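Single-structure report; data block below.
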Amino acid sequence: MQRLEVLSRQLTAACATTDRTPLLATKEIYDSMYRKSIEDPEGFWGELALGYHWQEKFPARGHMQYNVDLRRGNVDVQFFRGGTTNISYNALDRWVAAGRGDEPCILWEGNDESERRTVIYRQVLDDVCRLSNWMSSRGVKKGDSVTIYLPMVPELPIAMLACARIGAMHSVVFAGFSADSLAQRIVDCKGKMVLTASGVMRGTKPVLLKTIVDDAVKLAAKQGQPTTSVLCLEVATALRASVTPWNPSIDIWWHDAIPKQSTVFPPTWLDAEDRSFLLYTSGSTGKPKGVVHSVGGYMVGVGESCRYLYDMRPGDIVFSTADCGWITGHSYLAYGPLLCGCTIVMLGGIPTHPDGGRCWRMVERYKVRQFYTAPTLLRSLLQLGDAWPRKSDLTSLRVLASAGEPMNEHAWHWFHEMIGNARCPVVDTWWQTETGMGMLIPLPCPWFDAKPGAAGVPFFGVQPVILDATTGSELPATGAVEGVLVLKGVWPSMARTLYGDHERWEQVYFAPYKGYYFTGDGCRRDEDGHYWITGRVDDVINVSGHRIGTAEVESALTEHADCAEAAVIGVDHALKGQAIYAFVTLRGMEHQTDAMRKILNDHVRKVIGPFAVPDTIHWAPALPKTRSGKIMRRVLRKIASGQEKELGDVSTLAEPGVVEMLIKLRGK
Ligand code: WTA
1 MQRLEVLSRQ LTAACATTDR TPLLATKEIY DSMYRKSIED PEGFWGELAL
51 GYHWQEKFPA RGHMQYNVDL RRGNVDVQFF RGGTTNISYN ALDRWVAAGR
101 GDEPCILWEG NDESERRTVI YRQVLDDVCR LSNWMSSRGV KKGDSVTIYL
151 PMVPELPIAM LACARIGAMH SVVFAGFSAD SLAQRIVDCK GKMVLTASGV
201 MRGTKPVLLK TIVDDAVKLA AKQGQPTTSV LCLEVATALR ASVTPWNPSI
251 DIWWHDAIPK QSTVFPPTWL DAEDRSFLLY TSGSTGKPKG VVHSVGGYMV
301 GVGESCRYLY DMRPGDIVFS TADCGWITGH SYLAYGPLLC GCTIVMLGGI
351 PTHPDGGRCW RMVERYKVRQ FYTAPTLLRS LLQLGDAWPR KSDLTSLRVL
401 ASAGEPMNEH AWHWFHEMIG NARCPVVDTW WQTETGMGML IPLPCPWFDA
451 KPGAAGVPFF GVQPVILDAT TGSELPATGA VEGVLVLKGV WPSMARTLYG
501 DHERWEQVYF APYKGYYFTG DGCRRDEDGH YWITGRVDDV INVSGHRIGT
551 AEVESALTEH ADCAEAAVIG VDHALKGQAI YAFVTLRGME HQTDAMRKIL
601 NDHVRKVIGP FAVPDTIHWA PALPKTRSGK IMRRVLRKIA SGQEKELGDV
651 STLAEPGVVE MLIKLRGK
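In terms of full-length UniProt numbering, the sequence shown is numbered consecutively and its last residue is 668.
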């Protein structure tokens, strides 16, 4: 163990002190690579893909095929056809085979700062194989779905990689979702196995995950999806005061089943176009969408984006505050850094616990080179004051990355100056669960003139197009324009379908503007060709970097017997970016009380999870609707933000008196 610590220290010190030239050292290199990625995507990605292990090589030509234009038939995207590979092999075996098995793979800290684990590459590979063996002995095979409902412990990326090794699709459900949401996801992906933990401490609060899983398993069974195995990891701290409920017919303790498994599990060689995992995300209608990614395209897109966009190289120490329950945790905490041979730093608790210095102490402790976070956390950390980062030595940092929501200028400057000492590029990346990898990006290169708040320029293969929001026609390709962001062409890590619903995949993303992928985001491009995301143009809101469909919250509210109707909108919020604001019509006006607000909030917490609870419930004896019955959300947004003077044209309202009534009820 001691030898390892010395090794790890030597390695981190070496990384932090050597400065190096980014891969895109000059604008000319970026321009010529970008041009090639558009003119000859097959040749371009084919060459980059050679940096990975392929058991069977794909042909240099003819490996790529696609159609994204519904007028020409179904949407179908294929990269590296004919090649076989395995992501877990590329993320682990490759490095162990290169003699790096004793280097740290995961550096973990729990909720309690004194709880620490170092897991070396060889150990991770052994644990992955053990888990693959156990899952496979329980019948899990290529193409099956496995639900993972784990807190941020090393076993979470290990579980993802074990599924990848078998060729089973993991569906990681953020361990903040309720039993109802978890059940809905288990049923949708037809999963028979759940990997979970007894519980977890979040700050000072224990969360009993196993109890939530038990409820979800019962609900899923009622809906026709029985669970045959629940593997449960014992997380001691959360259990001190409680007993984990147990169902011996399906429950198995991790520590009973896994250690005795063999550490040999040959990777299943998968076709590049086999499915790697699914991840649920919110849409503008109630039901979450199971976004499905490929094996080869996802691997190459994510791995290469780590190299070019975040300058990740073997031995780098990468700290991402993302949770593996979201796409950032998949691409830039787990898969991407390991595909680049980096060491990942994982935090198992709340990043502001026990105080505002936690993240910065971790940066110092592990000599973190790349720090990846989200604007919402930056805004919280910034509020806690400059004294915290000043207490830690942050000189190891080289790249500061962020994604998930627009970054305000104030947060950008604080990140750049206070955290990066004006030395490190701020890489504010725009991308989505569906794009798999970073798409618009301020390049982390000295020649790139990043603008605070802008999402920069396109990564390889990305062809952003801005359409006129009303006519849907393309706006000029140069000069300043503003409209709806769509993407032309294809890139390797784009999702391939929605689980079990290819038609919905086509309708949501490729039907709105024929021939393009519709992002759901508004965007402007400035004179210098930098892109600025202006926010969602659909009924999705972004709360603390989490995508939440307004329809999901509305349906949770209206499920309650006392709620007749609900309309949910997003309003600006200083810390969260956006907050959930719900207009609610009750079945009886006499119930418009704070007690009823609590009942409804508890109901949303139960149906979706704590992060979807409305910040505000505004009583609405009626909602503003058009004569055809459509709720006028534009009007609601103005009322919620106190801008009733700017209501605009309300002549199409069926009952104009509703507006006055709602204004009177604001804050009541
Ligand atoms: C928003 C998160 C502004 C956007 C990686 C997108 C951003 C949605 C940025 C995807 C950014 C993501 N600037 N907005 N840098 N990055 N978004 O699927 O609205 O959880 O459509 O993926 O987040 O959210 P998702």
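All residues carry an ideal CB built from backbone N, CA and C; glycine is no exception.
Since this is a predicted model, take the numbers as computed values, not measurements.
Subject >> Q78 in three-state terms, based on DSSP >> reply: What you label residue 78 is simply residue 78 of the sequence shown in a count that begins at 1. Strand, per DSSP.
Original post:
Going by DSSP, which residues form a beta bridge with C105?
Top reply: Walking along the sequence shown from the start, residue 105 turns up at place 105. Looking at the DSSP assignment, C105 forms no beta bridge with any residue, so it has no partner.
**OP:** Would you kindly check if the distance between the Cβ of L209 and the Cβ of A175 is under 7 Å?
**Re:** Your numbering for residue 175 matches position 175 in the sequence shown. Your numbering for residue 209 matches position 209 in the sequence shown. Closer than 7 Å, so yes.
**OP:** Tell me, please, whether the segment 293 to 308 touches the segment 542 to 556 by the rule of three or more beta-carbon pairs shorter than 8 Å.
**Re:** no
Original post:
Contact between the segment 398 to 418 and the segment 374 to 381: three or more CB pairs below 8 Å?
Top reply: yes
Subject >> CA-to-CA distance, G404 to N601, given in whole angstroms >> reply: By one-based count along the sequence shown, residue 601 stands at place 601. By one-based count along the sequence shown, residue 404 stands at place 404. Distance between the alpha carbons of N601 and G404: 25 Å.
Original post:
Is W246 helix, strand or coil by DSSP?
Top reply: Here the question's residue 246 lines up with position 246 in the sequence shown. Of the three classes helix, strand and coil, the one that applies to W246 here is coil, per DSSP.
Original post:
So, T616 versus T433, is the Cβ gap smaller than 7 Å?
Top reply: Position 616 of the sequence shown holds residue 616. Position 433 of the sequence shown holds residue 433. No, these two residues do not count as a Cβ contact at 7 Å.
Subject >> Residues of its chain near F44, where Cβ-Cβ distance is below 6 Å and the 5 sequence neighbours each way are ignored >> reply: Walking along the sequence shown from the start, residue 44 turns up at place 44. Once the five neighbours on either side are set aside, the close Cβ partners of F44 are K36, S37.
Original post:
So, is V243 buried or exposed, given that buried needs 16 or more other C-beta atoms within 10 angstroms?
Top reply: Residue mapping note: residue 243 aligns to position 243 of the sequence shown, counting from 1. The residue in question, V243, is exposed, as its Cβ has fewer than 16 Cβ neighbours within 10 Å.
Original post:
For P442, is the beta carbon positioned less than 6 Å from some heavy atom of the ligand WTA?
Top reply: Here residue 442 is taken as the residue at index 442 of the sequence shown, counted from 1. No, the beta carbon of P442 sits no closer than 6 Å to any heavy atom of the ligand WTA.
Original post:
Helix, strand or coil: how does DSSP classify A567 here?
Top reply: Your numbering for residue 567 matches position 567 in the sequence shown. Looking at A567 - three-state DSSP - the assignment turns out to be strand.
Subject >> Rounded C-alpha distance that separates G356 from K391 >> reply: Along the sequence shown, read from residue 1 onward, the residue named residue 356 stands at position 356. Along the sequence shown, read from residue 1 onward, the residue named residue 391 stands at position 391. Computed Cα separation, rounded: 11 Å.
**OP:** Within the same chain, show all residues whose beta-carbon is closer than 7 Å to that of D538, passing over the 5 residues directly before and after it, in chain order.
**Re:** If you number the sequence shown from 1, residue 538 lands on position 538. Correct list, in chain order: S284, G520.
**OP:** Please classify Q383: does DSSP put it in a helix, a strand, or coil?
**Re:** Here residue 383 refers to the residue found at position 383 of the sequence shown. In this structure, Q383 counts as helix in the three-state DSSP scheme.
**OP:** Pull up the distance between the alpha-carbon of H255 and that of T147, whole angstroms please.
**Re:** Counting from one through the sequence shown, the residue named residue 255 turns up at place 255. Counting from one through the sequence shown, the residue named residue 147 turns up at place 147. About 19 Å.
Subject >> Straight-line Cα distance separating R369 from residue 705 >> reply: Residue 705 lies beyond the stretch modelled for the chain, which goes from 1 to 668, so this question has no answer here.
Original post:
Can you give the Cα-Cα distance for S497 and Y298, rounded to whole angstroms?
Top reply: The residue labelled residue 497 in the question sits at position 497 within the sequence shown. The residue labelled residue 298 in the question sits at position 298 within the sequence shown. The amino acid occupying residue 497 in the given sequence is Thr; Ser does not appear at that position. For T497 and Y298, the distance between alpha carbons rounds to 13 Å.
Original post:
Would you call the segment 348 to 368 and the segment 383 to 400 in contact, with 3 or more CB pairs under 8 Å?
Top reply: yes
Subject >> Check: W505 C-beta below 6 Å from any heavy atom of the ligand WTA >> reply: Your numbering for residue 505 matches position 505 in the sequence shown. No.
**OP:** Drop a sphere of 10 angstroms on the beta-carbon of H53, count the other beta-carbons inside from all chains shown, and report buried for 16 or more, exposed for fewer.
**Re:** Looking up residue 53 in the sequence shown gives position 53. Under this definition H53 is an exposed residue.
Subject >> Rounded distance between the beta-carbons of F583 and A567, thought under 8 Å >> reply: Position 567 of the sequence shown, counted from the start, is the residue given in the question as residue 567. Position 583 of the sequence shown, counted from the start, is the residue given in the question as residue 583. Indeed, because the Cβ distance is near 5 Å, the residues count as touching under 8 Å.
Subject >> One or two residues paired with N133 in a DSSP bridge >> reply: Position 133 of the sequence shown holds residue 133. DSSP output for N133 lists no bridge partner at all.
Original post:
Would L156 pass as a contact of C342 if the rule is Cβ separation under 7 Å?
Top reply: Taking the sequence shown and counting its residues from 1, one reaches residue 156 at position 156. Taking the sequence shown and counting its residues from 1, one reaches residue 342 at position 342. For L156 and C342, no; Cβs fall outside 7 Å.
**OP:** Let me know if S88 comes out buried or exposed under the rule of 16 or more other beta-carbons within 10 Å of its beta-carbon.
**Re:** By one-based count along the sequence shown, residue 88 stands at place 88. When all chains shown are included, S88 counts as buried.
Subject >> Same chain, Cβ closer than 7 Å to P656, five either side skipped, listed in chain order >> reply: Here residue 656 refers to the residue found at position 656 when the sequence shown is read from its first residue. Hits under 7 Å: V650.
Original post:
So, helix, strand or coil for D256, using DSSP?
Top reply: The residue you call residue 256 lines up with position 256 of the sequence shown. Helix.
**OP:** Check whether the Cβ of A403 lies closer than 6 Å to any heavy atom of the ligand WTA, and answer yes or no.
**Re:** Stepping through the sequence shown from its first residue, residue 403 is reached at position 403. Result yes, Cβ under 6 Å from the ligand WTA.
Original post:
How would you label V462, buried or exposed, when you count the other beta carbons within 10 angstroms and need 16 or more for buried?
Top reply: Numbered from its first residue, the sequence shown carries residue 462 at position 462. V462 is buried by the Cβ-count criterion.
Original post:
Is the beta carbon of F510 less than 7 Å from the beta carbon of V75?
Top reply: Locating residue 510 in the sequence shown gives position 510, where the first residue counts as 1. Locating residue 75 in the sequence shown gives position 75, where the first residue counts as 1. Going by C-beta atoms, F510 is nearer than 7 Å to V75.
**OP:** Let me know if W388 comes out buried or exposed under the rule of 16 or more other beta-carbons within 10 Å of its beta-carbon.
**Re:** For the purposes of this step, residue 388 is taken as the residue at position 388 of the sequence shown. W388 is buried by the Cβ-count criterion.
Subject >> Cβ separation of A60 and F80, assumed to be a contact under 8 Å, to the nearest whole Å >> reply: The residue you call residue 60 lines up with position 60 of the sequence shown. The residue you call residue 80 lines up with position 80 of the sequence shown. At roughly 11 Å, the Cβ-Cβ gap does not stay under 8 Å, so A60 and F80 are not in contact.
**OP:** Consider the C-beta atom of Q65 and the heavy atoms of the ligand WTA; say whether any pair is separated by less than 6 Å.
**Re:** Here residue 65 refers to the residue found at position 65 of the sequence shown. Every heavy atom of the ligand WTA is 6 Å or more from the Cβ of Q65, so no.
Original post:
Are there 16 or more other CB atoms within 10 angstroms of the CB of N133, so buried, or fewer, so exposed?
Top reply: Sequence index remark: in the sequence shown, residue 133 carries index 133 (1-based). Counting Cβ neighbours within 10 Å, N133 comes out buried, since at least 16 surround it.
**OP:** Tell whether a beta-carbon distance below 7 Å holds between R116 and I350.
**Re:** Residue numbering aside, residue 116 sits at position 116 when the sequence shown is read from its first letter. Residue numbering aside, residue 350 sits at position 350 when the sequence shown is read from its first letter. Taking 7 Å as the Cβ cut-off, R116 and I350 do not qualify as a contacting pair.
**OP:** In the DSSP assignment, find the unbroken alpha helix (DSSP H) run with G43 in it and report its ends.
**Re:** Position 43 of the sequence shown, counted from the first residue, corresponds to residue 43. Here the alpha helix (DSSP H) through G43 covers 41 to 49.
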